[in-house]
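Student: Right, I'll just put the structure down here and ask away after.
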Amino acid sequence: MAMQWIRLMIVLAVCMLPLSVEGMVRHYKFNVGQRGTLWWHAHILWLRATVHGAIVILPKLGVPYPFPRPHMEQVIILSEWWKSDTEAVINEALKSGLASNVSDAHTINGHPGPIKNCASQGGLNLQVQPGKTYLLRVINAALNEELFFKVAGHKLTVVEVDAAYTKPFNTDTIVIAPGQTTNVLLKANHASGKYLVAASPFMDAPIAVDNITATATLHYTGSLGSTITTLTSLPPKNATPIATTFSDSLRSLNSKKYPARVPIKVDHSLFFTVSLGVNPCATCVNGSRVVAAINNVTFVMPKISLLQAHFFNISGVFTDDFPGKPPVVYDFTGKKQPTNFRTNRGTRLYRLPYNSTVQLVLQDTGMLTPENHPIHLHGFNFFVVGKGQGNFNPKNDTKNFNLIDPVERNTVGVQSGGWTAIRFRADNPGVWFMHCHLEIHTTWGLKMAFVVDNGKGPNESLLPPPRDFPKC
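Mapped onto mature numbering (1 follows the signal peptide of the UniProt record, and there is no 0), the consecutive letters of the sequence shown carry residue numbers -23 to -1, 1 to 449.
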């Protein structure tokens, strides 16, 4: 498919400029090699709770979808809502050193649906016509919770995730983590009626979650407003089998037109543990604070942009010695965990030569508690070639890797008490964050970055910033 151009006008409030300058307008022009559903969001603390939206990239004119053309399309953004200012919520958590308060409601396109003691207009109303097929572009913009999504009385056909086509399969429930997108076809195969649309939390660890289910209504044209809404059974919040069945069903389309270019030869074989920890804090409750880490490194955000430091060779901002394997090997998911929960702090990056191939195994740990971590990699799509429960065994588990049609994503869940293996090609020079998309974990330091060196010539090299671009 030919590349497409998208021009976005972004209005930024730039704190680094003099206070007399309230804001500025910049035009960003960039080459888009994808088509499908993506999203944009703020990336400072918890501002993305409300500063987010959809990016819908249509196929090139004349190029059809690889599935039946829908009658209409609808963006569905799932999110969370707090009664309090989210900046105050996270600042209080950081001050105390403890976990943050959970949200007060989930939302579907900004509406929670009818909830107790809250004046509401009933939530989102999706109008459909009998016999028509609709494409729902579902985005999870929630800060801290994976969600189940379902429509009463209807099957959903999954056709795309994270702007990559999949082999279609039917399900009555999709599972979607923060940062992920999922496109599904819904056929309005009933004559009339009103049907509940629901988003409820998935959490298979002993961690507090917002248990409020967000609801909307699928309303067939011609049905009376007084028609009783058909309800649906919701999965328990710890319904791991439903989540596992869904993720196991995802496969790349891998057609002649949309091949799955999985790296077969691996240049860098990395093993990253994903964990929580506890570090000393004299001003915090109990004299300690909860932190998070990758390979026991809690990431420290620099005062100068990493990309700026990399491009201009500014020393002292970061080091490129991020460990490719954990410093201590133990039974990562077993009951016997280390007694020392302290982590190391640093701004450490892992350096990759241009066009090198990477296999990265992400291993959950039982430090404090096992938990499902949705890991997002900036700058690249990757292939999810394997996953499993317990500790990753490089000798046995690699034999079962799917190198033919693994699902292609930019955000993947590392299952609670298990591991996930991904592969990608480092063909995008620059500095690229990888982090947990549970915002509380990112805030606690569960992030790192890859620095990808330039290749040969201008087409394989990092472009210089505009002359008037403000510096950090």
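For each residue, glycine too, the CB sits at the ideal point set by N, CA and C.
Bear in mind the structure is a predicted one, so any value in this text is a computation, not a measurement.
(1) Taking buried to mean at least 16 other C-beta atoms within 10 Å of its own C-beta, is Asp64 buried or exposed?
(2) Counting beta carbon pairs with one atom in the segment 226 to 235 and one in the segment 197 to 214, are three or more of them shorter than 8 Å?
(3) Please report the straight-line C-alpha distance between Pro43 and Leu133, rounded to a whole angstrom.
(4) Starting from the C-beta of Glu437, find all residues in its chain whose C-beta is less than 7 Å away, skip the five residues before and the five after it, and write them out in chain order.
(5) Starting from Thr217, trace the alpha helix (DSSP H) in both directions and tell me its first and last residue.
(6) How would you call Val277, buried or exposed, if buried means at least 16 neighbouring beta carbons within 10 angstroms?
(7) Could you give the C-beta distance for Val255 and Val267, rounded to a whole number, given that I count them as a contact under 8 Å?
(8) In terms of alpha-carbon separation, which member of Tyr5, Thr397 and Val135 lies closest to Tyr111?
(9) Please classify Ala185: is it buried, with 16 or more other beta-carbons within 10 angstroms of its beta-carbon, or exposed?
(10) Taking the C-alpha atoms as reference points, what is the distance between Gln340 and Asn368?
(11) Would Glu385 and Phe410 qualify as a contact pair, given that the criterion is a beta-carbon distance under 9 Å?
(12) Mind checking which residues open and close the beta strand (DSSP E) that includes Lys376?
(13) Under a three-way DSSP split, which group does Gln(-20) fall into?
(14) Kindly confirm or deny that the segment 116 to 125 and the segment 180 to 196 touch, where touching means at least three C-beta pairs closer than 8 Å.
(15) Please determine, among Ser265, Lys171 and Arg46, the residue with the shortest C-alpha to C-alpha distance to Thr194.
(16) Identify whether Thr397 lies in helix, strand or coil by the three-state DSSP scheme.
(17) For Lys127, write down the residues that DSSP places opposite it in a beta bridge.
(18) Do the segment 285 to 301 and the segment 364 to 383 meet, that is, are 3 or more Cβ pairs less than 8 Å apart?
(19) Who pairs with Asp298 in a beta bridge, going by DSSP?
(20) So if DSSP puts Leu440 in a beta bridge, which residue, or which two residues, is it bridged to?
(21) Is Gly74 buried or exposed, if buried means 16 or more other CB atoms sit within 10 Å of its CB?
(22) Let me know the secondary structure DSSP gives residue 476 once reduced to three states.
Tutor: For this structure:
(1) On the sequence shown, position 87 is the one that residue 64 refers to. Looking at the sequence provided, one finds Glu at residue 64 rather than Asp. Per the 10 Å Cβ criterion, exposed.
(2) no
(3) Residue 43 sits at position 66 when you count from the first residue of the sequence shown. Residue 133 sits at position 156 when you count from the first residue of the sequence shown. C-alpha separation (whole angstroms): 16 Å.
(4) Locating residue 437 in the sequence shown gives position 460, counting from the first residue. Taking Glu437 as the centre and dropping the five residues before and after it, the same chain places the C-beta of Tyr331, Pro406 and Asn431 closer than 7 Å to its C-beta, in chain order.
(5) Mapped onto the sequence shown, residue 217 falls at position 240. Here the alpha helix (DSSP H) through Thr217 covers Thr217 to Ser226.
(6) Locating residue 277 in the sequence shown gives position 300, counting from the first residue. Val277 is exposed by the Cβ-count criterion.
(7) For this step, residue 255 is matched to residue 278 along the sequence shown. For this step, residue 267 is matched to residue 290 along the sequence shown. Rounded, the Cβ-Cβ distance is 6 Å, consistent with contact.
(8) Looking up residue 111 in the sequence shown gives position 134. Considering only alpha carbons, the answer is Val135.
(9) Here residue 185 is taken as the residue at index 208 of the sequence shown, counted from 1. Counting Cβ neighbours within 10 Å, Ala185 comes out exposed, since fewer than 16 surround it.
(10) Residue mapping note: residue 340 aligns to position 363 of the sequence shown, counting from 1. Residue mapping note: residue 368 aligns to position 391 of the sequence shown, counting from 1. Rounded to whole angstroms, Gln340 to Asn368 spans 7 Å at the Cα level.
(11) Reading the sequence shown from its first residue, position 408 is the one you call residue 385. Reading the sequence shown from its first residue, position 433 is the one you call residue 410. Their beta carbons are not under 9 Å apart, which means Glu385 does not touch Phe410 by this criterion.
(12) The residue labelled residue 376 in the question sits at position 399 within the sequence shown. Lys376 -> no beta strand (DSSP E), and no H or E assigned at all.
(13) On the sequence shown, position 4 is the one that residue -20 refers to. Only weak support exists for where Gln(-20) lies, its pLDDT of 36 falling under 50; the coordinates are left without a value.
(14) yes
(15) Along the sequence shown, one-based indexing puts residue 194 at 217. Ranking Ser265, Lys171 and Arg46 by Cα distance to Thr194 puts Lys171 first.
(16) Within the sequence shown, residue 397 is the residue found at index 420, counting from 1. Strand.
(17) Here residue 127 corresponds to residue number 150 of the sequence shown, with the count starting at 1. Lys127 is bridged by DSSP to Ala175.
(18) no
(19) For the purposes of this step, residue 298 is identified with residue 321 of the sequence shown, where counting begins at 1. The partner list for Asp298 (beta bridge, DSSP) reads Tyr327.
(20) Here residue 440 refers to the residue found at position 463 when the sequence shown is read from its first residue. Beta-bridge pairing links Leu440 to no other residue.
(21) Sequence index remark: in the sequence shown, residue 74 carries index 97 (1-based). With 16 or more neighbouring CB atoms inside 10 Å of its own CB, Gly74 falls in the buried class.
(22) Outside the modelled stretch of the chain, which goes from -23 to 449, sits residue 476, for which no answer is possible.
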